[in-house]
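Below, the structure written as structure tokens:
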């Protein structure tokens, strides 16, 4: 793959070694892990992208991880469907390198978080973090919260959540007229229901609450509207 007298950079040499080391069938995932280590996984797995969800770091990571698992062919883990509810909010949500130093372990825990669907799943993941790595930083708790919120929001017809300063916008598949008064009652008159170009949405003021707290309150309110 290169001339005998060619001077290789350290990164090129390490990449060639990775190809030579992982030659067996189904090695794609291991090569992907090694490439993350060589390039430095901070941009994908660190705070630079995960510090703000509008950087699309979390969604992009899930896509890369899914593709790597498909290449492996031996991992039968099924990830949740991507983009069932996209979340674009300002929140500190990542696994710091000084909390989990191993890239492979961080990827494993990101995958565990991505599979969260229920509160019980979330508690199992939290217990595993504490047992293996010690007390969870707030930024890791933020990841767990977002994973749980995505699933619950999608179950209640919310397909997109965006933050604009002190307001959170929830794009919803269907809002019935009877929901409007109940949502305002449950959200302490912080909600405004509207529609634009066929899209229905609810705008909820944070009013001193964090973005995560506002989203949790709103998702609970939509859950209460199910039987109305």
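Numbering (the working numbering), first residue to last: 1 to 228. Positions of the beta carbon are idealized from the N, C-alpha and C atoms, including for glycine.
Within 10 angstroms of its Cβ, does residue 185 collect 16 or more other Cβ (buried), or is it exposed?
That one is exposed.
Could you give the distance in angstroms between the alpha-carbon of residue 216 and the alpha-carbon of residue 165?
Approximately 17 Å between the Cα atoms of the pair.
Closer than 8 Å is the cut-off here; do at least three beta carbon pairs connect the stretch 105-124 with the stretch 181-201?
As far as the Cβ criterion goes, the stretch 105-124 does not touch the stretch 181-201, which means the pair count is below three.
Considering only residues of the same chain and omitting the five flanking positions on each side of residue 211, which have a CB-CB separation below 7 Å?
Hits under 7 Å: 89, 90, 91, 163 and 168.
How about the stretch 91-106 and the stretch 135-155: do they share at least three Cβ pairs that are nearer than 8 Å?
Contact between the stretch 91-106 and the stretch 135-155 is present, because at least three Cβ pairs lie under 8 Å.
The stretch 129-136 touching the stretch 192-212, judged by at least three CB pairs closer than 8 Å:
Touching, no, given that fewer than three Cβ pairs across the two stretches are closer than 8 Å.
From the DSSP output, which residues share a beta bridge with residue 201?
Answer is 171 and 194, bridged to residue 201.
Would you kindly report the start and end of the unbroken beta strand (DSSP E) that includes residue 102?
Here residue 102 belongs to no beta strand (DSSP E), and DSSP marks it neither H nor E.
Answer yes or no: do residue 172 and residue 194 have a C-beta to C-beta separation smaller than 8 Å?
No, they are not a contact pair.
Could you check which residue in 218, 114, 130 and 192 has the C-alpha nearest to that of residue 153?
That would be 218, whose Cα lies nearest to the Cα of residue 153.
If you follow the alpha helix (DSSP H) that residue 128 is part of, which residue opens it and which one closes it?
Membership of residue 128 in the alpha helix (DSSP H) is indicated by the continuous run 119-133.
So what does DSSP say about residue 116, is it helix, strand or coil?
If DSSP states are grouped into helix, strand and coil, residue 116 belongs with coil.
Between residue 177 and residue 159, what straight-line distance do the alpha-carbon atoms span, to the nearest angstrom?
Each residue's Cα considered, the two are about 19 Å apart.
Endpoints, beta strand (DSSP E) assigned at residue 148
Boundaries around residue 148 are those of the alpha helix (DSSP H), 138-155, since no beta strand (DSSP E) includes it.
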